[in-house]
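Q: Quick note on numbering: the sequence shown equals residues -9 to 535 in the numbering used here.
Sharing a structure with you now.
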Amino acid sequence: MKTWFKSGSPWVWLSAGGVSISLISVLGLLWLIASRGLSYFWPSDIYQFDMQDQAGNKSTVIGEIYDREFIPAEQLAHADITLAPGTTTVERLLVKTGNRELVSLDFRWLLVPQITETTTPEELVVIERRTNGNFYGFIEELILDGQLVPQSKLPELVSRVEHFQEQIDALQKVDIGAINYQLERLRLKERKHNLDKTLTAEVKADIHGQMATLKSEYQQLESKLLALREEIARDQLKVRAMDGQVVTINFEDILKVTFNNQLGLWDKTGVFFSQVAAFVVDEPREANTEGGVFPAIFGTVLMVLLMTVIVSPFGVVAAIYLHEYAGNNALTKILRIAVINLAGVPSIVYGVFGLGFFVYMVGGSLDQLFYPENLPSPTFGTPGVLWSAITLAILTLPVVIVSTEEGLSRIPAAMRHGSLALGATKVETLWRIILPIASPAIMTGIILAIARAAGEVAPLMLVGVVKMAPNLPLDGNFPFLHLDRKFMHLGFHIYDVGFQSPNVEAARPLVYATALLLVTIIVALNMTAVSIRNRLREKYRMLEH
């Protein structure tokens, strides 16, 4: 036994076991997130439960089964429910009933002993709406421009509404949004001339003339928008709910109508992929508990790319100075210790620093110097995507410096001496020999920086991220990329939906789906960086020999 321990075999097996346990844990976590997240998009069967309580009162509940569990029979002592002798546990179902205008909660628990019959009628319909969530029931009437029409016209009317809604969104976000942006720019231009004492009669007349032209265009677009809204609001759908009430739903509120119980496997697969696509490209609704997460995806990727562009040159230059130019003295040792210690600072501290220094000090100074006409409303003196990227760049800077310096230290000194002996300058040696060979190590540092920055949430809550951003940082208005705007982030979206949502049960699967999407984006960014690193490694492999 002693010889076995001295041979080192136990430590090899211990290391292998640790790696195996870690790998199994990671795969298990990914499986949990994927299974819970992807099930959110699968079209579930819609059940009709006929209920009867102890007093003989009958009722009907319609909805999707979200969860089921067994509870001790003792917990039902207050409910006065008669159970079979010897019963120790009772099954209950968590059912999503929707129909928020009729009931106060989306979900309710049903005790299985009180269910007299469970059916899945093919006529049951799921209506996904822009507000008030889903509606479950039976279609009674389809009204087209005040006239009853056959239910076979339903897909055609839904497609018509979707077409009109796309035009409305384009008018509001692109055309009307551009006019509002230009009007605001002209207002600020007039105020700037006024502050600079250069507001002459000619300048004022020119600005007001442009404003009048824009307002005329705005009125035309507004008239077109009202006409589209009248077209989209003319049709109605009458649906009978589980309590017998008939509810009238305007088609302008309808996103999708699905008969889940009539779908086969291939049909459900098609609906599944269409809902996944909608989740990726749509905007959130209902306090982020429904709809898509495209603004959060866009904000996350944009912030990470900006952070990478900022941190890469600074980290590489700092590592080159520390390794190639700085002397081996006390100051250099202190700098290296400081860089290593910065990697251990809590991320929220970076957020406080970014808020105090970048937002209030730097941003406030920029507003005073370049945007006085906007004051007291801040432009850069408020949290935004630029300050978020810079803050995370400082947070990840030690990772890039350490990784780059490790790569530089692995390059033999003979290569430097040979290049200098052949007449190359030190700068040429760095640019043509040292940096190409160290590029895989540089990419490794960037990969680690991307992985950490994409998952950070705490500092972003102070320097730029918000629950709901009205506009993306990138649009068609000059200068197109608006670094002063706030943005949405997948990490903060997960926190907001999971802990700040008014409807916890509805938000639970959405949390898993968003977490899966965040992991997918991080893996995609890392794989892209890894592929670039491998190409660089193969390209400059011959220089190492």
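Where a beta carbon is used, it is the ideal one built from N, C-alpha and C, also for glycine.
Between the Cα of Gly254 and those of Trp1, Pro33, Thr504 and Pro75, spot the shortest distance and give me the residue it belongs to.
A: Locating residue 254 in the sequence shown gives position 264, counting from the first residue. Selected option, being the one with the closest Cα: Pro33.
Q: Would you mind working out which of Asn524, Leu83, Ile300 and Ala63 sits nearest Ala74, comparing C-alpha positions?
A: Against the sequence shown, residue 74 aligns to sequence position 84. Answer by Cα proximity: Ala63.
Q: What is the residue span of the beta strand (DSSP E) that Gly127 lies within?
A: Sequence index remark: in the sequence shown, residue 127 carries index 137 (1-based). Unbroken beta strand (DSSP E) run through Gly127: Asn124 to Leu134.
Q: List the whole-angstrom C-beta distance separating Glu130 from Lys214, where the pair is believed to meet the contact cut-off of C-beta under 8 angstroms.
A: The count along the sequence shown starts at 1 and reaches residue 130 at position 140. The count along the sequence shown starts at 1 and reaches residue 214 at position 224. 34 angstroms between Cβ atoms; not a contact.
Q: Nearer than 7 angstroms: is that true of the beta carbon of Lys86 relative to any heavy atom of the ligand FMN?
A: In the structure on display, the ligand FMN does not appear, and there are no ligands present to speak of.
Q: What is the residue span of the beta strand (DSSP E) that Asn240 lies within?
A: Taking the first residue of the sequence shown as 1, we reach residue 240 at position 250. Looking at the DSSP string, the run of the beta strand (DSSP E) that includes Asn240 is Val236 to Asn240.
Q: So which of Lys205, Ala379 and Phe125 has the shortest CA-CA distance to Ile52?
A: In the sequence shown, counting from the first residue as 1, residue 52 sits at position 62. Nearest option by C-alpha distance: Phe125.
Q: What distance in whole Å lies between the Cβ atoms of Val375 and Leu515, which are believed to be in contact at a cut-off of 8 angstroms?
A: Sequence index remark: in the sequence shown, residue 515 carries index 525 (1-based). Sequence index remark: in the sequence shown, residue 375 carries index 385 (1-based). That belief does not hold up - the Cβ atoms of Leu515 and Val375 are roughly 17 angstroms apart, past 8 angstroms.
Q: Could you say which of Lys476, Met232 and Pro463 lies nearest to Pro111 if we only look at CA atoms?
A: In the sequence shown, counting from the first residue as 1, residue 111 sits at position 121. The residue with the shortest Cα to Cα distance from Pro111 is Met232.
Q: Starting from the N-terminal side, write out each stretch of the beta strand (DSSP E) that is 3 residues or longer and does not extend beyond the stretch 62 to 97.
A: The qualifying runs are 79 to 86.
Q: Is the separation between the beta-carbon of Leu114 and that of Phe97 shorter than 8 angstroms?
A: Reading the sequence shown from its first residue, position 124 is the one you call residue 114. Reading the sequence shown from its first residue, position 107 is the one you call residue 97. Cβ distance not < 8 angstroms, so Leu114 and Phe97 don't count as in contact.
Q: How many angstroms separate the CA atom of Arg58 from the CA atom of Lys86?
A: Taking the sequence shown and counting its residues from 1, one reaches residue 58 at position 68. Taking the sequence shown and counting its residues from 1, one reaches residue 86 at position 96. Straight-line Cα distance between these residues: approximately 12 angstroms.
Q: Among residues of its own chain, excluding the 5 on either side of Ile401, which ones have a beta-carbon nearer than 7 angstroms to its beta-carbon?
A: In the sequence shown, residue 401 corresponds to position 411, counting from 1. Closer than 7 angstroms at the Cβ level, and outside the excluded window around Ile401, lie Ile424, Ile427 and Ala428.
Q: Secondary structure at Glu146, three-state DSSP: helix, strand or coil?
A: Locating residue 146 in the sequence shown gives position 156, counting from the first residue. In this structure, Glu146 counts as helix in the three-state DSSP scheme.
Q: Considering only residues of the same chain and omitting the five flanking positions on each side of Thr248, which have a CB-CB separation below 6 angstroms?
A: Translated into positions along the sequence shown, residue 248 becomes position 258. Closer than 6 angstroms at Cβ, skipping near neighbours: Val116.
Q: By the DSSP assignment, the alpha helix (DSSP H) with Lys258 in it spans what residues?
A: Counting from 1 along the sequence shown, the entry for residue 258 is found at position 268. Where Lys258 is concerned, the enclosing alpha helix (DSSP H) stretches over Leu255 to Val271.
Q: Please classify Lys416: is it buried, with 16 or more other beta-carbons within 10 angstroms of its beta-carbon, or exposed?
A: As a first step, residue 416 must be located in the sequence shown, where it is residue number 426. Exposed: under 16 other Cβ atoms inside 10 Å.
Q: Return the first residue and the last residue of the beta strand (DSSP E) that Leu245 is part of.
A: Here residue 245 is taken as the residue at index 255 of the sequence shown, counted from 1. Looking at the DSSP string, the run of the beta strand (DSSP E) that includes Leu245 is Ile244 to Thr248.
Q: Grouping DSSP H, G and I as helix and E and B as strand, with all else coil, what is Ile330?
A: For the purposes of this step, residue 330 is taken as residue 340 along the sequence shown, with counting starting at 1. In the structure shown, Ile330 sits in a helix (DSSP, three-state: H, G or I).
Q: What does DSSP give as the partner residues of Thr108 in its beta bridges?
A: Along the sequence shown, read from residue 1 onward, the residue named residue 108 stands at position 118. DSSP output for Thr108 lists Phe39 as bridge partner(s).
Q: For Gln44, does the three-state DSSP call read helix, strand or coil?
A: If you number the sequence shown from 1, residue 44 lands on position 54. Gln44 falls in the coil class under three-state DSSP.
Q: I'd like the ranges of any alpha helix (DSSP H) spanning at least 4 consecutive residues and lying wholly in the stretch 452 to 528.
A: List check, alpha helix (DSSP H) in window: 480 to 489.
Q: By DSSP, does Arg120 sit in helix, in strand, or in coil?
A: As a first step, residue 120 is located in the sequence shown; it is residue number 130 there, counting from the start. Here Arg120 sits in coil by DSSP.
Q: Between the beta-carbon of Gly445 and the beta-carbon of Gly481, is there less than 8 angstroms?
A: Residue mapping note: residue 445 aligns to position 455 of the sequence shown, counting from 1. Residue mapping note: residue 481 aligns to position 491 of the sequence shown, counting from 1. Result yes, Cβ atoms of Gly445 and Gly481 sit closer than 8 angstroms.
Q: Could you check which residue in Gly346, Val455, Leu312 and Arg230 has the C-alpha nearest to that of Asn89?
A: By 1-based counting over the sequence shown, the position of residue 89 is 99. Closest option to Asn89, Cα to Cα, is Arg230.
Q: Pop quiz: Ile71 and Leu101 are said to be a contact at Cβ under 8 angstroms. What is the actual Cβ separation, rounded to whole angstroms?
A: Position 81 of the sequence shown holds residue 71. Position 111 of the sequence shown holds residue 101. Correct: roughly 7 angstroms between the Cβ atoms.
Q: Tell me the DSSP secondary structure of Lys228 in three-state form.
A: Within the sequence shown, numbered from 1, the residue matching residue 228 stands at position 238. Correct three-state label for Lys228: strand.
Q: Tell me Glu212's beta-bridge partners as DSSP assigns them.
A: Residue numbering aside, residue 212 sits at position 222 when the sequence shown is read from its first letter. According to DSSP, which records beta bridges pairwise, Glu212 is partnered with nothing at all.
Q: Can the beta-carbon of Ala308 be found less than 8 angstroms from the beta-carbon of Ile391?
A: Position 318 of the sequence shown, counting from 1, holds the residue named residue 308. Position 401 of the sequence shown, counting from 1, holds the residue named residue 391. Taking 8 angstroms as the Cβ cut-off, Ala308 and Ile391 qualify as a contacting pair.
Q: Pick helix, strand or coil for Phe60, following the three-state DSSP scheme.
A: Along the sequence shown, one-based indexing puts residue 60 at 70. Phe60 falls in the strand class under three-state DSSP.
Q: Could you check which residue in Asn184, Leu218 and Glu107 has the C-alpha nearest to that of Asp160?
A: As a working mapping, residue 160 is identified with position 170 in the sequence shown. Reading the sequence as shown, one finds Ala at residue 160 and not Asp. Ala160 has its Cα closest to that of Leu218, out of Asn184, Leu218 and Glu107.
Q: What did DSSP end up calling Trp99 once you bin it into helix, strand or coil?
A: If you number the sequence shown from 1, residue 99 lands on position 109. Reduced to three states, the DSSP call for Trp99 is strand.
Q: Going by beta carbon distance, what residues of the same chain come within less than 8 angstroms of Glu118, once the five residues before and after it are set aside?
A: Within the sequence shown, the letter at position 128 stands for residue 118. Here the set comprises Asn124, Ile244, Leu245, Lys246, Val247 and Thr248.
Q: On a CA-only basis, which of Glu396, Thr372 and Leu292 is nearest Ile330? Give me that one, please.
A: To locate residue 330, count along the sequence shown from 1; it is residue 340. The residue with the shortest Cα to Cα distance from Ile330 is Glu396.
Q: Assuming Leu173 and Leu211 form a contact by the criterion Cβ under 8 angstroms, report the distance between their Cβ atoms to the nearest whole angstrom.
A: Reading the sequence shown from its first residue, position 183 is the one you call residue 173. Reading the sequence shown from its first residue, position 221 is the one you call residue 211. Incorrect: roughly 13 angstroms between the Cβ atoms, too far for contact.
Q: Which residue marks the beginning of the alpha helix (DSSP H) containing Pro285, and which one marks its end?
A: Against the sequence shown, residue 285 aligns to sequence position 295. Here the alpha helix (DSSP H) through Pro285 covers Phe284 to Ile310.
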